Structure formats: C-alpha cells, structure tokens
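Let me begin by presenting the structure, written as structure tokens, before commenting on it.
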Ligand code: HEM
Ligand code: FES
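Chains as they are written, first to last, in our numbering: chain U, 3 to 234; chain E, 304 to 554.
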C-alpha cells in the first residue's frame, strides 16, 4: 500500500502528472456543469418543474452530500494543481524578456489563472447566495421562500435573486470568464490527455468553443430572461 | 542599410545584464543576421571594445547552436528558420532591433547572448537514446517500417535541439523538445522496447532541470525552426501517462 501511495505521489510530482490531474478534475467539473445547467433550465418549464427538481435533489440526502464533497475535492484538486503549475512556470523564467512577443497563444489561454480565480470567487458568492444563505434562513427570514408544504421555493429564489442587478451582473461576468476558461480548457484537455491528432485538432478546438457557448449561453439565459421580465 | 541594435550585454552568469545600444551602419541587405553581428563585432574589436558574444556553428540551419531572441521572437519569429538563416532583407532600413538571449532558468546566460543549454544534454541522458547497437545502414534499410511511422519519426527527428521552444514558451517549458525526441525514438521499432523508460526518464530529467510546464498554447510550435508539430506533445503526454500507469500499478 505504501509503495502504491508513493508511486501515485511520484506521478503527481511530475509536470505531466499534475497536468493530467488538472485535466481529469476538469472533466469531472465539466460533467457537473452539464448536470447543473440541465437542472436550472427547468425554470423555463415553470415553478412546479424546478421546485420538484430541487425537492428531488434534497431528498437524495446522504447521496447529495457525497456529490457535494466529491465536487469540493475536484475543485480543490484542480486549483491546487493549477496554482502549483503556475508558480513553477513563473519560477522557470526569473529574468523576463525586455521585449516580449506572443506568436500564436490565444487570449483565453493566457487568462486561465485569472478566469479560474474569478470562477472561484463567483462559486463562493454563489454558494453563499443560493445554498448557504438559504439554509441558514437569512434569505428566508419570513418564510418567503417556502412553499405551503414547507419545501423550498427555488423558483422565487432565483427570480428574486436575479432581479437584483449586481447579482445578475456578477453572474454574467463570471459566465463570460467561464466561457473564456472553457474555450481554451476543453480543447486543451484533449491535448493533455494525449487524444489530439492532426486530424482531430480542429474538431477539439470547435468543441471547446461550442461547449463554452452552449453552457454559458444556457446559464446566462436565466438572468437575462428575469431581467427582460420573461420570468416572474 | 542602417539599423539601431539594442543588445543584451551580460559579463557572466551571475552579473546583472543590460541592453546596450549600437548603431549598425551600411549593412548589406543580403547579409544573414549573424553576418550582421559579425560586422558589428569587427567594428567593436577595431575600437578596442568587447565584441558581442553569441553562439553559432554551422550557419546553415542544421546544428542548432544559434540562439537569438530578436524583438521578442526566438530566431526572429519567421517560423521554420534559424537565426543564422534569417536575412537582413527581412528588416527595414532604420529599424531598431532588440536582441536578447533565450531566457529560461534552465538556460543560464554564459555571456551576452550565449546561453548554457546543457540542460538539454541532461534530458537526452534521461532516455534520449537506444541502449543497444541497432546496426548501421544495411540493417536500417532491411528493417520494415510503415511509411506513415517512418514519416512521423523523421519529422520529429528534424529537431536540432536549439531551444527556441523553451525561449518562446510563456512558461519556459521544454515539452516540444522532449516530445520531438520521444516521438522520434518511440515510433521506430529499434526504440520501442525502451519506450516507457524513455518517456519517464526524459520527463523527469526535464522537470529536474527547472523548465516550466506546458499550457498548450503552442508558442513553441510557432517558433520552432524545424516546425515540430503540437501532436508530438500529445504523443508525449500519452506515452508518459501509459508508462506511469504501468509503473504505478505494476511497480
Ligand atoms: C467549473 C469550474 C471549472 C472548470 C469546468 C474548469 C475547466 C478547466 C479545463 C477543461 C482546463 C483545461 C485542462 C487541461 O489543460 O488539460 C482547465 C485548466 C485550468 N484551470 Fe480550470 N476549471 C474550473 C475552475 C477553475 C478554478 C476555480 C480555477 C482557479 C484557480 C481554475 C484554474 C485553471 C487553470 C490555471 C488552468 C490552466 C492549467 C494549465 O494549462 O496548466 N479552474 N480548467
Ligand atoms: S548556426 Fe547552426 S543552426 Fe544556426
């Protein structure tokens, strides 16, 4: 057992090992994004649909906590590895060029740390806003977000939340940076996992953009619909 | 043509460096970039000043010794060309040209524009070879190798180990160099028996030398005078993952 643990640590200690850990954790997070979006879009089917979905999730009980802790681990691993890589990258060139040039790197690829950290700040805010805030009832002081049967009125929570301009504003800003993160990240992931070939490279680039647009456009449609008065 | 040069001057590895300005007058447009520096150096020597140190050897784009960062771009950024094969006609009369060394912690400056690239030798020692004698020309001709495999290995073998990939990379990563060597040797039947050991050994030597990590931005590919493709890096990632999995589980 000890030698297995040491071997895994040795893999993680290597540059490519860390990159593969980043890619695999990202794969899990991408899966979460798809599931989360699918759930959120139920809001367009009306209050009953999304409230029933929320109730179902909460009824999972222990399983929900397994998923939450799993996600937390994925995010933690993704951040720890990327920040370690970024620190090593900075150290690898102690003397910067006086004149530096960029030959072909995309802007998104150069903003990965910034877009990632913005997503992190957003996720914390988002959890305080919709998950913890609600649980601790400060949002719910007068029971305004309870249905008659005592369950959460997620629909009203979302609509009221997004009516506040700075909530929607920050949400949309974070989605813009998430789109940037994914437009580079998704195609990068295939390269890191060694799946890219000359023939598939353009396909994966397109997939990165496509994924970014569909996911972020999907999430953005909700605050936009609320602000436009389509959801009330 | 007349040019203004801003050249990185640094006495030795530990001394601080700075950009020094030189007027390069009456440079023939047909001169190569290194010949232009030769002319400037002759004038410096005539004046009793210390000539600019820079690396070179073959001057025909095959040895990988020349290593200049020209206006922020390794080998001038034309792509597919080494500094020695770059000609002054690519520049404009009156232009200011900033010349710096290839910059990376793993490539310490020896003097001025000359850097110590022995980190690449240590990476090769990590596995960039075949341990047994594989014969000579007759054996090579007799070994059946599929055309696509031979082409891929040959394209990777074009790497001259100049280090432009490291110099261009935002993270001073040596992945394209290592990927070229691993793709070359791991593709051909003579190299395949040591495939796993090679991927692990070379990547570890690369990490140890203090190079950065790849962020899949392909600045290296754009700067490479031999146009090694990004697919080599995907292949290295795959070979390293495979070898690591085997090593981790089988021990
Ligand atoms: C929903 C959350 C997130 C998703 C879906 C996601 C997705 C991805 C993907 C697909 C990659 C490319 C992996 C590869 O190159 O193989 C990546 C890379 C990266 N992520 Fe994230 N990420 C998320 C959150 C974060 C956060 C919170 C940070 C905060 C630091 C972050 C920082 C980075 C960095 C710096 C890279 C570049 C790593 C490199 O190229 O070496 N990400 N991410
Ligand atoms: S001097 Fe040999 S490649 Fe430029």
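We put the beta carbon where it would ideally sit given N, CA and C, even for glycine. Just so you know, these numbers come straight off a predicted model, no measurement behind them.
Cross-chain neighbours of residue i in chain E, by beta carbon under 7 Å
i: residue 27/U; result: None at all; the shortest Cβ gap to chain E is about 15 Å.
i: residue 93/U; result: 408
i: residue 90/U; result: 515 and 516
i: residue 4/U; result: By Cβ distance, chain E contributes nothing, its closest Cβ being about 12 Å from residue 4/U, past 7 Å.
i: residue 97/U; result: 406
i: residue 190/U; result: 519
i: residue 87/U; result: 516
i: residue 22/U; result: 544
i: residue 100/U; result: 322, 401 and 403
Residue i - containing alpha helix (DSSP H), residue span
i: residue 549/E; result: 534-553
i: residue 399/E; result: No alpha helix (DSSP H) holds residue 399/E; the beta strand (DSSP E) holding it covers 399-404.
i: residue 234/U; result: Counting along the chain, residue 234/U falls outside any alpha helix (DSSP H), and DSSP gives it neither H nor E.
i: residue 156/U; result: 156-165
i: residue 218/U; result: 203-229
i: residue 353/E; result: Where residue 353/E is concerned, there is no enclosing alpha helix (DSSP H), given that its DSSP letter is neither H nor E.
i: residue 105/U; result: Residue 105/U -> no alpha helix (DSSP H), and no H or E assigned at all.
i: residue 317/E; result: Counting along the chain, residue 317/E falls outside any alpha helix (DSSP H), and DSSP gives it neither H nor E.
i: residue 441/E; result: 440-445
Chain E residues whose Cβ lies nearer than 9 Å to that of residue i
i: residue 9/U; result: 547, 550, 551, 552 and 554
i: residue 120/U; result: Those do not exist, as residue 120/U stays about 18 Å from chain E at its closest Cβ, beyond 9 Å.
i: residue 114/U; result: 518
i: residue 200/U; result: 532, 533 and 534
i: residue 195/U; result: 537, 540, 541 and 544
i: residue 79/U; result: Those do not exist, as residue 79/U stays about 16 Å from chain E at its closest Cβ, beyond 9 Å.
Residue i - containing beta strand (DSSP E), residue span
i: residue 331/E; result: That residue, residue 331/E, is in no beta strand (DSSP E); it is neither H nor E in DSSP.
i: residue 381/E; result: Residue 381/E -> no beta strand (DSSP E), and no H or E assigned at all.
i: residue 371/E; result: 371-373
i: residue 312/E; result: 306-312
i: residue 21/U; result: Element bounds for residue 21/U: not the beta strand (DSSP E) but the alpha helix (DSSP H), 17-42.
i: residue 412/E; result: 412-414
Beta-carbon spacing of residue i, residue j below 9 Å
i: residue 469/E; j: residue 476/E; result: yes
i: residue 519/E; j: residue 90/U; result: no
i: residue 156/U; j: residue 56/U; result: yes
i: residue 430/E; j: residue 504/E; result: yes
i: residue 369/E; j: residue 472/E; result: no
i: residue 529/E; j: residue 463/E; result: yes
i: residue 101/U; j: residue 374/E; result: yes
i: residue 174/U; j: residue 214/U; result: no
i: residue 534/E; j: residue 499/E; result: no
i: residue 117/U; j: residue 506/E; result: no
i: residue 367/E; j: residue 388/E; result: no
i: residue 326/E; j: residue 305/E; result: yes
i: residue 409/E; j: residue 15/U; result: no
i: residue 99/U; j: residue 406/E; result: yes
i: residue 224/U; j: residue 53/U; result: no
i: residue 433/E; j: residue 497/E; result: yes
i: residue 115/U; j: residue 84/U; result: yes
i: residue 456/E; j: residue 448/E; result: yes
Residue i: contacting residues in chain U (beta-carbon distance under 7 Å)
i: residue 306/E; result: Per Cβ cutoff of 7 Å: no residues; residue 306/E is ~15 Å from chain U at best.
i: residue 510/E; result: 16 and 17
i: residue 507/E; result: 16
Within chain U, the residues that residue i reaches when beta carbons sit closer than 9 Å
i: residue 535/E; result: Those do not exist, as residue 535/E stays about 11 Å from chain U at its closest Cβ, beyond 9 Å.
i: residue 331/E; result: What residue 331/E touches in chain U: nothing, since even the nearest Cβ is about 25 Å away.
Through-space distance from residue j to residue i, alpha-carbon basis
i: residue 138/U; j: residue 130/U; result: With a pLDDT of 45 at residue 138/U, under the threshold of 50, the predicted position of this residue should be treated as unreliable, though the coordinate-derived value follows. Approximately 10 Å, taken between the alpha carbons.
i: residue 67/U; j: residue 75/U; result: 12 Å
i: residue 537/E; j: residue 70/U; result: 32 Å
i: residue 207/U; j: residue 193/U; result: 10 Å
i: residue 450/E; j: residue 492/E; result: 13 Å
i: residue 140/U; j: residue 125/U; result: Low confidence applies here, because residue 140/U scores a pLDDT of 48, under 50, leaving its location unreliable; read the following figure in that light. If you take the alpha carbons of residue 140/U and residue 125/U, they lie about 19 Å apart.
i: residue 3/U; j: residue 88/U; result: 31 Å
i: residue 315/E; j: residue 309/E; result: 18 Å
i: residue 32/U; j: residue 216/U; result: 12 Å
i: residue 210/U; j: residue 320/E; result: 42 Å
i: residue 404/E; j: residue 422/E; result: 16 Å
i: residue 108/U; j: residue 177/U; result: 19 Å
i: residue 161/U; j: residue 233/U; result: 7 Å
i: residue 190/U; j: residue 205/U; result: 12 Å
i: residue 335/E; j: residue 106/U; result: 25 Å
i: residue 203/U; j: residue 527/E; result: 19 Å
Chain-ordered chain E contacts of residue i [CB-CB under 8 Å]
i: residue 103/U; result: 374, 375, 376 and 380
i: residue 56/U; result: What residue 56/U touches in chain E: nothing, since even the nearest Cβ is about 38 Å away.
i: residue 111/U; result: 518, 519 and 520
Partners in chain C for residue i, counting only beta-carbon separations shorter than 7 Å
i: residue 106/U; result: In the structure shown, chain C does not exist; the protein chains are U and E.
Practice problem: Assess, as a yes-or-no matter, whether the segment 364-380 of chain E is touched by the segment 426-440 of chain E under the definition of 3 or more beta carbon pairs within less than 8 Å. | Solution: no
Quiz item: For the segment 400-420 of chain E against the segment 339-357 of chain E, are there 3 or more C-beta pairs whose distance is under 8 Å?
Solution: As far as the Cβ criterion goes, the segment 400-420 of chain E touches the segment 339-357 of chain E, which means the pair count is three or higher.
Quiz item: If we count Cβ pairs, one from each stretch, closer than 8 Å, do we get three or more for the segment 15-29 of chain U versus the segment 178-195 of chain U?
Solution: yes
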